[in-house]
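Following this note's numbering, the numbering of the sequence shown begins with 1 at its first residue and continues without gaps.
Yeah, the Cβ is synthetic: ideal placement off N, Cα and C, and Gly gets one too.
The structure appears right after this line, and notes come after that.
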Amino acid sequence: MQTLESLLKKGTTILKDNGLEEAGLDAWLLLEFKTGKNRAYYFAHGDEPVSDETAAEYLTLIDRRAGHIPVQQLTHQAFFMGYEFYVNENVLIPRQDTETLVEEALKHLGDVEKPEILDMCTGSGCILLSLLLERQDACGIGVDVSPEALEVAKKNAGILKVENRADFVESDLFSAPYFCEKGGKDSGKYDILISNPPYIATEEIETLMEEVRLHDPRKALDGMEDGLYFYRKITAEAGRYLKPGGWLLYEIGCTQGEAVSTMMKAAGFTGVQIVKDLPGLDRVVLGQKQEEIHV
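Structural data, given as structure tokens:
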């Protein structure tokens, strides 16, 4: 019979042999998921026997990870902004880089009372739901073209107990008439329009690591020919859905800052700036809708 220690060693070896750079970490995460034992328990009880059934299930997970299926898709768990989200093959796995986008949104919401948020291309809902968790007075709408992604977002809203402040709409960006009826006391206006849209140029997708190229949904990656398609579409319409003084915030690829900031300025947004992430790469572009002037 296998023990916790022998299983971990076996899992690590299999993953190393298949070229996974973080074999030890991945093997541990899957062992913890399958057995429910944390590191402290493991170090104290590494010689504890593991049932044949659990061992077989663990090694099945290891084999799937060896095939470059992301750990998060195997465990259906991803952590973002300190919160746990359910994920599956229908949504992009939340990345730490995207936390910069959420942090900037929180800064620019400032002292806005009862802010209303519109999250385009919501996917798992991690951006919108994190904002609602951080701002207990906020409400918002998440939009996605994928009904499968929206089911994940709704599930996360329920798990995180914010379903009474979050709504989700299936729409190809702004095509749903829903937007004329929701938000801003039925004005269809929001304090924040935020988006992490698909921004990988089509021809670059084949160069991505296997975990992303083969297992993230392509529609969550493909930003069309130059990667800027969705920025153009959203920026052109965003002003109609923002309150005066409201903010438009995007996550961007690290080489897209100038292009996106230029199109936002051309659309009339002010105070446009590029924000770097923790590694120092361009990660967010944001700008403000001008206040309406009444003469």
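Distance CB(residue i)-CB(residue j) smaller than 8 Å
i, j, result
"I234", "G257", "no"
"L131", "A138", "yes"
"T315", "T54", "Examination of residue 315 is not possible in this model, given that the chain is present from 1 through 295 alone."
"K37", "L4", "yes"
"N90", "A149", "yes"
"G142", "A220", "no"
"M1", "P70", "no"
"T270", "G246", "no"
"P172", "L92", "According to the sequence as given, residue 172 is Asp; it is not Pro. No. Outside cutoff."
"Y190", "L242", "yes"
"Y199", "N156", "no"
"Q73", "N88", "yes"
"Y83", "L160", "yes"
"Y231", "V272", "no"
"N18", "A66", "yes"
"Y250", "V285", "yes"
"E225", "T202", "yes"
Backbone secondary structure at residue i - three-state DSSP
i, result
"S51", "coil"
"Y199", "coil"
"K10", "helix"
"K185", "At K185 the pLDDT is 45, less than 50, meaning the model places this residue with poor confidence; the figure from the coordinates comes in the next sentence. Of the three classes helix, strand and coil, the one that applies to K185 here is coil, per DSSP."
"G24", "helix"
"P147", "helix"
"K37", "coil"
"G268", "coil"
"T60", "helix"
"G239", "helix"
"L160", "coil"
"D17", "helix"
"L133", "helix"
"G245", "strand"
"M263", "helix"
"A44", "helix"
"L31", "helix"
"E225", "coil"
"T255", "coil"
"A176", "coil"
Identity of the residues DSSP links to residue i by a beta bridge
i, result
"V285", "Y250, I274"
"A166", "G140"
"Y231", "Beta-bridge pairing links Y231 to no other residue."
"T304", "Here the chain covers residues 1 to 295 and nothing more, so residue 304 does not appear."
"Y190", "L242"
beta-carbon residue i near the ligand ZN non-hydrogen atom, thresh 7 Å
i, result
"K10", "With respect to small molecules bound, the structure shown includes none, and the ligand ZN cannot be examined in it."
Determine contact between the stretch 95-105 and the stretch 190-197, defined as no fewer than three beta-carbon pairs at a distance below 8 Å.
-> Under the Cβ criterion (8 Å, minimum of three pairs), the stretch 95-105 counts as touching the stretch 190-197.
Touching or not, the stretch 161-179 and the stretch 134-150, by the rule of three or more beta carbon pairs under 8 Å?
-> Taking 8 Å as the limit for Cβ pairs, the verdict is that the stretch 134-150 does touch the stretch 161-179.
Evaluate contact between the stretch 8-15 and the stretch 55-67, counting only Cβ atoms and requiring at least three cross-stretch pairs below 8 Å.
-> A contact exists between the stretch 8-15 and the stretch 55-67.
Report yes or no: do the stretch 237-252 and the stretch 202-211 share at least 3 C-beta pairs separated by less than 8 Å?
-> The stretch 237-252, when compared against the stretch 202-211, does not touch it at the 8 Å Cβ threshold.
At which residue ranges does the stretch 67-131 contain complete beta strand (DSSP E) runs of 3 or more residues, listed in the order of the chain?
-> Within the stretch 67-131, the complete beta strand (DSSP E) runs of at least 3 residues are 77-80, 83-86, 116-120.
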